[in-house]
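Visitor: Okay, so the sequence shown: first residue is 18 according to our numbering, each after it adds one. Dropping the structure in here first, questions after.
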Amino acid sequence: MGCAVEEVVRAALGLDAGDRAAVAGAIVVSLAEEGAARARAELAEPSCCPRCGAGAPARRGRDARGRQRWLCRGCGRSFTKESFGLLSRSHLPASTWAEYARAFAEGATLRDCAERCGVCLKTSFFMRHRMCEMLGIETVTLRPSGAPVEADEAYLPASFSGNHSRDPSFSPGRPSRRRGGTGGGRRRQERLITLADGRGGSEVGVAWGSPLGSAVAMMRSSLGASCVVRTERGGQMGHAARLAGLAQERAEGRVNAVNAVHSRIKRFMRRFDGVSSRRMQSYMWWFSWADTATGGVAGRLRELIALIPVGRYRTTWRAMVEAPYPPPPVPICASKNV
């Protein structure tokens with residue numbers, strides 16, 4: 018560090034806790050704004066449509082702000098290089114997103130985040146889910162390195178909380194019950210498909226409908242053809258690995274790496290006091306990122322600040338509000354020969 022930087026650090030360390038937090042917040046805001054400006058300047062020509070993924074877009078004039086627009090040859094809609102970016106359609110400045118990232122990295126509640134950022138509770142809720150979706154799109158939390166990847170299922174209580182008046186035909190698929198208890202066994206719980214590598218990385222997906230089909234799709238999208246999937250002797254994960262065209266290895270005992278991930282998932286979810294089943298995947302993206310991030314709160318904050326200017330999302334506010342509830346789980350018959 019130079020002399021000037023050392024003097025600034027010494028001066029900051031001489032402040033009380035509140036003033037040091039204010040200085041740190043100002044630095045975070047400045048970094049976020051600089052990163053957003055740099056990302057806008059460095060964006061290259063888009064290679065595909067952010068909506069449908071079709072390639073080779075064509076130039077199509079400019080928008081009201083002078084930005085180059087592109088026409089998708091697949092869906093026929095136009096877009097700019099900033100379309101579906103975290104900051105592109107937000108009415109909030111980068112400084113507000115930076116402060117929200119700081120609260121998000123610390124694991125603050127929705128109300129605390131809203132108070133710190135000067136927004137309402139509804140906006141804080143939307144910002145959290147947009148952050149989670151950005152993490153699911155932009156980060157890779159599973160990195161197979163030649164060692165077998167462990168696969169298994171976990172179960173969390175199904176929840177149908179939300180405004181059911183938006184869909185008069187809504188039915189939870191089970192009778193109502195009082196709070197407490199396990200909710201009728203595993204057939205009425207949400208299944209999580211978990212993949213864990215040997216280096217602490219993991220990926221967690223929510224199985225909607227058929228858990229076998231969800232596991233096959235997840236393995237095909239996340240694992241290479243040369244990966245070996247290690248499973249327990251019972252259950253459906255071995256069958257899913259074979260259907261996905263992957264080699265399967267039966268563990269002699271327990272799959273300890275993935276069981277440890279399940280333990281951390283339940284500890285992570287306990288603080289939220291229940292999550293609606295249709296929002297569960299967002300929290301699994303959040304968990305997978307937080308579980309593999311290094312450097313504590315400061316490390317997570319650095320990663321978020323770097324992602325905010327370039328991070329993208331797919332789910333609009335309307336789509337999130339109108340998101341359907343998952344169908345009732347499809348019971349499967351596990352065989353000892355799988």
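Where a beta carbon is used, it is the ideal one built from N, C-alpha and C, also for glycine.
When you compare the CB positions of W306 and L103, do they come within less than 7 Å of one another, or not?
Guide: Cβ distance not < 7 Å, so W306 and L103 don't count as in contact.
Visitor: If you draw a straight line from the alpha carbon of G313 to that of H279, how long is it in whole angstroms?
Guide: Roughly 20 Å separates the two Cα atoms.
Visitor: For E170, which option in V245, F187 and E249 has the closest C-alpha, if you only look at C-alpha atoms?
Guide: Among V245, F187 and E249, the Cα nearest to that of E170 is on E249.
Visitor: Nearest to P344 by CA position, among G252, A224 and S239, is which residue?
Guide: It is A224.
Visitor: Nearest CA to the CA of S178: which residue from V338, P63 and V292?
Guide: Comparing Cα-Cα distances from S178 to each of V338, P63 and V292, the minimum goes to V292.
Visitor: Cutting at 7 Å between CB atoms, please list the residues of its own chain near L321, excluding the five before and the five after it.
Guide: So the qualifying residues of the chain are A118, F121 and A122.
Visitor: Counting Cβ pairs, one atom from each stretch, are 3 or more of them under 8 Å apart for the segment 132 to 148 and the segment 156 to 176?
Guide: Judged by Cβ distances under 8 Å, the segment 132 to 148 makes no contact with the segment 156 to 176, as fewer than three pairs qualify.
Visitor: Look at the alpha carbon of L32 and the alpha carbon of S238, and state the distance between them as a whole number of angstroms.
Guide: Between L32 and S238, the C-alpha separation is close to 50 Å.
Visitor: To which residues does DSSP link R76 through a beta bridge?
Guide: BP columns for R76 point to W87.
Visitor: For W302, which option in R183, R145, T311 and L240 has the closest C-alpha, if you only look at C-alpha atoms?
Guide: Ranking the options by Cα distance to W302, first place goes to R145.
Visitor: Would you kindly work out how many angstroms separate the C-alpha atoms of R335 and R267, rounded to a whole number?
Guide: The straight-line gap from Cα to Cα measures roughly 44 Å.
Visitor: In chain order, what residues of the same chain have a beta carbon less than 8 Å from the beta carbon of L263, not counting five sequence neighbours either side?
Guide: Excluding residues within five positions, the ones whose Cβ falls inside 8 Å are M236, L240, A242, C244, V245 and V246.
Visitor: Quick one: complete beta strand (DSSP E) runs, 3+ long, within the segment 107 to 185?
Guide: Listed in chain order, they are 166 to 174.
Visitor: Can you give me the C-alpha to C-alpha distance between V275 and W114, rounded to a whole angstrom?
Guide: Between V275 and W114, the C-alpha separation is close to 33 Å.
Visitor: By the 10 Å Cβ neighbour count, where 16 or more other Cβ atoms means buried, how is E59 classified, buried or exposed?
Guide: Because the pLDDT at E59 is just 44, under 50, the model does not fix this residue reliably, and the point stays unresolved.
Visitor: Thinking just about the alpha-carbon of each residue, which of A213, Q206 and S227 is nearest to the one in G163?
Guide: The shortest Cα separation from G163 among A213, Q206 and S227 belongs to A213.
Visitor: How would you call H256, buried or exposed, if buried means at least 16 neighbouring beta carbons within 10 angstroms?
Guide: Classification for H256: buried.
Visitor: Would you mind reading off the limits of the beta strand (DSSP E) that contains I210?
Guide: From DSSP, the beta strand (DSSP E) with I210 extends over Q206 to A213.
Visitor: In whole angstroms, give me the CA-to-CA distance for P228 and I210.
Guide: One C-alpha to the other measures close to 8 Å.
Visitor: Which one or two residues does DSSP pair with C65 in a beta bridge?
Guide: Per DSSP, G72.
Visitor: With a cut-off of 8 Å on the beta carbons, I'd call G316 and E155 a contact; round off their distance for me.
Guide: 16 Å between Cβ atoms; not a contact.
Visitor: For the alpha helix (DSSP H) that contains T309, what are its first and last residues?
Guide: Start and end: M297 to T309.
Visitor: Residue ranges of each alpha helix (DSSP H) run of no fewer than 4 residues wholly in the segment 224 to 290, ordered along the chain?
Guide: Those alpha helix (DSSP H) runs which fall completely within the segment 224 to 290 and span 4+ residues are 228 to 239, 254 to 260 and 273 to 287.
Visitor: Quick one: grab the DSSP three-state call for R329.
Guide: Residue state, collapsed to three classes: strand.
Visitor: Closest by CA to E116, which one among C89, E132, M286 and H108?
Guide: For the residues C89, E132, M286 and H108, the minimum Cα distance to E116 belongs to E132.
Visitor: Just to confirm before moving on: does the CB-CB distance between E13 and S105 stay below 7 Å?
Guide: The question about residue 13 has no answer here: the residues shown for the chain are numbered 18 through 355.
Visitor: Where E296 and T333 are concerned, what is the direct C-alpha to C-alpha distance, given to the nearest angstrom?
Guide: Checking the displayed sequence, the identity of residue 296 turns out to be Arg instead of Glu. If I take the Cα positions, the gap works out to 14 Å.
Visitor: Identify, in the order they occur along the chain, each residue of the same chain with its Cβ nearer than 6 Å to the Cβ of Y300, setting aside the five sequence neighbours on each side.
Guide: Same-chain partners within the cutoff: V292.
Visitor: If you draw a straight line from the alpha carbon of V356 to that of E207, how long is it in whole angstroms?
Guide: A question about residue 356 goes unanswered here, because the residues of the chain that appear run from 18 up to 355.
Visitor: Do R281 and G218 have their C-beta atoms within less than 7 Å of each other?
Guide: Going by C-beta atoms, R281 is not nearer than 7 Å to G218.
Visitor: Give me, in chain order, the residues of the same chain whose beta-carbon lies closer than 7 Å to that of F285; leave out the 5 immediate sequence neighbours on both sides.
Guide: F304.
Visitor: Let me know if G222 comes out buried or exposed under the rule of 16 or more other beta-carbons within 10 Å of its beta-carbon.
Guide: When all chains shown are included, G222 counts as buried.
Visitor: Use the C-beta contact count for E269: other C-beta atoms within 10 angstroms, 16 or more gives buried, fewer gives exposed.
Guide: With fewer than 16 Cβ atoms within 10 Å of its Cβ, E269 is classed as exposed.
Visitor: Could you round the C-beta distance between Y330 and F101 to whole angstroms and report it? I think they count as a contact, below 8 Å.
Guide: Right, their Cβ atoms sit about 6 Å apart.
Visitor: Can you round the beta-carbon distance between P74 and L88 to whole angstroms, since I take them to be within the 8 Å contact cut?
Guide: That pair is a contact at about 6 Å.
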